[in-house]
Amino acid sequence: MAVVFQKPHALADIPFHYCPGCTHGIVHRLVAEAIDELGVEGNAVGIASVGCSVFSYNYFNCDMIQAPHGRAQAVATGVKRAHPENIVFTYQGDGDLAAIGTCETVHAATRGENITVIFINNAIYGMTGGQMAPTSLPGQITQTTPYGRDVKTAGYPIRMCEMLSTLDGVALAQRVTVDNVKHVNEAKKAIKKAFQNQIDGLGYSIIEVVSTCPTNWGLSPKAAVEWLENNMLPYYPLGVYKDKTAEGGDK
Amino acid sequence: MANTMNVLLAGFGGQGILFTGKVMVYGALTEGKELSWLPSYGPEMRGGTCNCSVVISDEAIGSPLVTNPDVLVAMNRPSLEKFVGSVVPGGTILVDSSTVDIKVERTDVTVYYVPATSLADKNGLKGLANIILLGKLFKEKQFISRESLDKGLAKCIPAKKAEMLEFNKKALEIGMEQ
Amino acid sequence: MSEKVLMKGNEALGEAAIQAGCRHFFGYPITPQTELSAYLSKKMPKVGGTFLQAESEIAAINMVLGAAGSGVRAMTSSSSPGISLKSEGVSYIAGSDVPAVIINVQRGGPGLGSIQPSQADYWQATKALGHGDFQLFVLAPSTVQEMADFVALAFETAEKYRMPAMILSDGMLGQMMEPVVFPDATEVHEGDKSWAASGHKNQRKHNVVNSLYIEAKDLEQKVVERYQRYELVKANEQRSESYLTEDADIVVVAFGASSRVSRSAVNAARAKGIKAGLFRPITLWPYPVDALEKTIGTAKKYLTVEMNMGQMIEDVRLAVNGRKPVEFFGRTGGIIPTPAEVLAKIEEMAK
Numbered sequence: 045m046a047v048v049f050q051k052p053h054a055l056a057d058i059p060f061h062y063c064p065g066c067t068h069g070i071v072h073r074l075v076a077e078a079i080d081e082l083g084v085e086g087n088a089v090g091i092a093s094v095g096c097s098v099f100s101y102n103y104f105n106c107d108m109i110q111a112p113h114g115r116a117q118a119v120a121t122g123v124k125r126a127h128p129e130n131i132v133f134t135y136q137g138d139g140d141l142a143a144i145g146t147c148e149t150v151h152a153a154t155r156g157e158n159i160t161v162i163f164i165n166n167a168i169y170g171m172t173g174g175q176m177a178p179t180s181l182p183g184q185i186t187q188t189t190p191y192g193r194d195v196k197t198a199g200y201p202i203r204m205c206e207m208l209s210t211l212d213g214v215a216l217a218q219r220v221t222v223d224n225v226k227h228v229n230e231a232k233k234a235i236k237k238a239f240q241n242q243i244d245g246l247g248y249s250i251i252e253v254v255s256t257c258p259t260n261w262g263l264s265p266k267a268a269v270e271w272l273e274n275n276m277l278p279y280y281p282l283g284v285y286k287d288k289t290a291e292g293g294d295k
Numbered sequence: 172m173a174n175t176m177n178v179l180l181a182g183f184g185g186q187g188i189l190f191t192g193k194v195m196v197y198g199a200l201t202e203g204k205e206l207s208w209l210p211s212y213g214p215e216m217r218g219g220t221c222n223c224s225v226v227i228s229d230e231a232i233g234s235p236l237v238t239n240p241d242v243l244v245a246m247n248r249p250s251l252e253k254f255v256g257s258v259v260p261g262g263t264i265l266v267d268s269s270t271v272d273i274k275v276e277r278t279d280v281t282v283y284y285v286p287a288t289s290l291a292d293k294n295g296l297k298g299l300a301n302i303i304l305l306g307k308l309f310k311e312k313q314f315i316s317r318e319s320l321d322k323g324l325a326k327c328i329p330a331k332k333a334e335m336l337e338f339n340k341k342a343l344e345i346g347m348e349q
Numbered sequence: 038m039s040e041k042v043l044m045k046g047n048e049a050l051g052e053a054a055i056q057a058g059c060r061h062f063f064g065y066p067i068t069p070q071t072e073l074s075a076y077l078s079k080k081m082p083k084v085g086g087t088f089l090q091a092e093s094e095i096a097a098i099n100m101v102l103g104a105a106g107s108g109v110r111a112m113t114s115s116s117s118p119g120i121s122l123k124s125e126g127v128s129y130i131a132g133s134d135v136p137a138v139i140i141n142v143q144r145g146g147p148g149l150g151s152i153q154p155s156q157a158d159y160w161q162a163t164k165a166l167g168h169g170d171f172q173l174f175v176l177a178p179s180t181v182q183e184m185a186d187f188v189a190l191a192f193e194t195a196e197k198y199r200m201p202a203m204i205l206s207d208g209m210l211g212q213m214m215e216p217v218v219f220p221d222a223t224e225v226h227e228g229d230k231s232w233a234a235s236g237h238k239n240q241r242k243h244n245v246v247n248s249l250y251i252e253a254k255d256l257e258q259k260v261v262e263r264y265q266r267y268e269l270v271k272a273n274e275q276r277s278e279s280y281l282t283e284d285a286d287i288v289v290v291a292f293g294a295s296s297r298v299s300r301s302a303v304n305a306a307r308a309k310g311i312k313a314g315l316f317r318p319i320t321l322w323p324y325p326v327d328a329l330e331k332t333i334g335t336a337k338k339y340l341t342v343e344m345n346m347g348q349m350i351e352d353v354r355l356a357v358n359g360r361k362p363v364e365f366f367g368r369t370g371g372i373i374p375t376p377a378e379v380l381a382k383i384e385e386m387a388k
């Protein structure tokens, strides 16, 4: 019988611990597919960050290092400098990449570290139970903004792709989402390109995936996707913010 | 603790205090002596007071920090005032008398006043008062051979500044004549 | 034998790192260790190595985690305030069983403190450089020669027991020049790296370098295993030097810069007819209790001399265990005690 659907080789054959409706699973699969299609699993080293996705070290079949909170891109820098032939990627959430790890993120980017960064932006801290994230929307209710995020006291959300696109070291900064099949296909293409850029030695590539957190948003999986489309996408427009490849025309 | 010389060189940053110490220890190195060179460090680099501890010995050196020098070389007044009391009885003090306008009141030490900065300026050796004082120190203490001292000097001057070596040698000679 | 050269302690550490086969250095500027970074920034490119000035101490130690976690010899250096920032990364390195070398050229603290030499990070290095149950292998050089000699030893020991190693130096040793001899050809003895995450090359199951164990029993087992290794370190790796201790009534215990001062004071005391000796711990963890024990029969009193308010004295008291009095003399804040001060204390104790 012809196999019409199977797990990518780079994805371990164990069940995810992620909540129903969480998009981590989809993005994990897209990363694994990219690794498979580019044939780089044997050279790949993934950096797991602190947050819900910390257990990604169990889910990917390539070598993995688990980093302290926020430090994934510094750890990735160490691996890449030690083994330039390795394909090094980080998989980080918004708290990790855009709050505690902002410094490491900005400096890995501006150094043009030849690494691939997968950034899950779901506007909330998942692992610790739903606190305000640096990307939580104005007015968004979280455990630590029970009256809604008041920008006067809690500040504004950070748009990382826009910010990083100003840095010379960045080869690719693109925001995607996985709310429907079309967007999943676009996300897949972007993630694969971010890995291809590393193979081609182009420098720092970041793919921000606007994602859901039904559990901590207090919504059903379906309602969470709708909330993402109606609230997150207007604040975090999808698109390519920087692209140094020929295809991008040095955008 | 036979044959140990504890030297404290002190002055303003930029007077070549650390350099003078380096010439001494590089010279001592060629003779296989035990030695240590310890600079004061930090904001002194910006023209404040600067000092350098040099120990040259025939045996393993304990503390490299010279707190009671056998020899004090003072290139400015604050340094002389600060360290004059710490010199061991019977010790030696060299003073650049063109930059220090006070005299040592202690009678239990030997003091040499050398107008090193004026001598340097007069002989077209601006900035080499430190080496003139080193020449005088060498004359009085003979802590290494003349040959080793020259080697130490050569070691401290980069090859691309060869002309500086001659100036330094001249300064050394002037110091030895004092 | 190679020729003697004059080097600052910080530079000797840098040269020794290169000779030990370390090709990856990640640092951040801080006085008084900066010459080490400067030296390696000059030398690393010439040997095909990596010198990277990180955006912070925190980033630097995590770059070490990445590089060492992928199997290469990697090192970082800093001075006291910067070491505090590295403590998070050091804990992860220990918790992930990654060998790496961290250098602390100590200055006065707490806070920004002073930039002058200090030994006030003794507790931090030997008891609590980060959260959780773990230890570092801690070496305390007292000469520029030892600064050079201990780098390879730190790497080898770190790799043998898969733990972080620290060279606990200070601003005096870092800044001073002394003659140093490097061996003609250094043989690099690298430990097993089959656990490292550097790509499985489709030849083995994936390696995971990780410090997270969600099940308490798993973590307990892991930590207990680690402590079994620490027992081996305690049994095999204690190092110390004894100077005139055989017949000493007063045994001075001091490490690093303060041991230099103490040695001068011991010589001066002997010249005055006082039977003083110096016990110098070279490994601060494991503490050289076995060698110290050998002095307990003959010593009448112990004196620890430290550049802090009295930290190592607790380890000496633990080792002496009430059998003899243990007294303390120290200066802190960046002050180096003078031999005369230490001698005065020895004389007072000899009365």
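Chains as they are written, first to last, in the numbering used here: chain A, 45 to 295; chain B, 172 to 349; chain C, 38 to 388. Backbone N, C-alpha and C fix where the C-beta goes; we use that ideal spot for every residue, glycine too. Since the structure is predicted, the reported quantities are computational estimates derived from the model, not experimental observations.
DSSP assignment within the segment 265-319 of chain B yields the following whole alpha helix (DSSP H) runs of 4 residues or more, N-terminal first: 287-293 and 300-312. Of Pro235(B), Asn177(B) and Gln186(B), the smallest CA-CA separation from Thr270(B) is found for Gln186(B). By the beta-carbon neighbour count (other beta carbons within 10 angstroms, threshold 16), His68(A) is buried. Cβ-Cβ distances below 8 Å link His237(C) to His243 and Asn244 in the same chain, with the five nearest sequence neighbours on each side left out; the list follows chain order.
One Cα belongs to Ser235(C), the other to Ala137(C), and the distance between them is close to 16 Å. DSSP, read as helix, strand or coil, puts Pro323(C) in coil.
Counting only unbroken stretches of 3 or more residues, the beta strand (DSSP E) elements lying wholly within the segment 246-272 of chain A are 248-254, in sequence order.
Going by C-alpha positions, Pro286(B) is about 13 Å away from Arg248(B). The beta carbon of Thr282(C) does not come within 7 Å of any beta carbon belonging to chain B, so the residue lies off that interface. From the listed residues Cys205(A), Tyr103(A), Lys124(A) and Thr179(A), the smallest Cα separation to Gly199(A) is found for Thr179(A). For His237(C), the nearest CB of chain A lies under 7 Å from its own CB, placing it at the interface with that chain. The residue from Gly310(C), Ile139(C) and Val288(C) with its alpha-carbon nearest to that of Arg354(C) is Val288(C).
Per DSSP, the continuous alpha helix (DSSP H) segment holding Asp186(C) begins and ends at Val181 to Tyr198.
Between the segment 206-220 of chain A and the segment 151-158 of chain A, the count of C-beta pairs closer than 8 Å reaches three or more; the two stretches touch. A contact between stretches requires three or more CB pairs, one per stretch, nearer than 8 Å, and the segment 127-137 of chain A fails this requirement with the segment 67-79 of chain C. Contact annotation: in the segment 242-268 of chain C, residues whose CB is within less than 9 Å of a CB in chain A are Lys242, His243, Asn244, Val245, Val246, Asn247, Ser248, Leu249 and Ile251. Neighbourhood of Met108(A) in chain C, by CB distance below 9 Å: Ala234, His243, Asn244, Val245, Val246 and Asn247, in chain order.
Below the 8 Å Cβ cutoff, chain A contributes Gly122 as neighbours of Val101(C), in chain order. Here the segment 127-136 of chain C makes no contact with the segment 133-152 of chain A; the two share fewer than three CB pairs at distances below 8 Å.
When the five nearest sequence neighbours on each side are left out, the beta carbons in the same chain lying within less than 8 Å of the beta carbon of Ser207(B) are those of Val196, Ser224, Val225, Val226, Ile232 and Pro235, in order along the chain. Interface annotation for the segment 293-308 of chain C against chain B: Arg297, Val298, Arg300, Ser301 and Asn304, criterion Cβ-Cβ distance under 7 Å. For Lys331(B) and Leu324(B), the gap between their C-alpha atoms comes out near 14 Å. Between the segment 180-190 of chain C and the segment 215-232 of chain C there are three or more inter-stretch CB-CB distances shorter than 8 Å, so the stretches are counted as touching. Remark: three or more beta-carbon pairs, one from each stretch, lie closer than 8 Å, so the segment 287-301 of chain C and the segment 338-345 of chain C are flagged as touching.
Contact note: Val214(A) does not reach chain C at a C-beta cutoff of 8 Å; the least C-beta distance is about 16 Å. When the beta-carbon positions are compared, Asn166(A) and Ser264(A) stay at least 7 Å from each other. At a Cβ-Cβ threshold of 7 Å, Thr186(A) and Gly174(A) count as neighbours. Using a 10 angstroms sphere on the CB of Tyr191(A), the tally of other CB atoms stays under 16, which defines it as exposed.
If you check the CB distance, Pro154(C) and Ile373(C) come in under 7 Å. Taking a C-beta distance under 7 Å as the contact criterion, Ile139(C) and Thr113(C) qualify as a contact pair. By the criterion of at least three beta-carbon pairs nearer than 8 Å, the segment 265-285 of chain A is in contact with the segment 200-210 of chain A. In the displayed model, Gly283(A) falls within a strand according to three-state DSSP. Taking the Cβ atoms as the reference, Ile235(A) lies roughly 13 Å from Val84(A), outside the contact range of under 8 Å.
Here Leu149(C) is exposed: its Cβ has fewer than 16 other Cβ atoms, across all protein chains shown, within 10 Å. Note that the C-beta distance between Arg300(C) and Leu315(C) is below 7 Å.
For Leu256(C), there is no enclosing beta strand (DSSP E); the enclosing alpha helix (DSSP H) covers residues Ala253 to Asn273.
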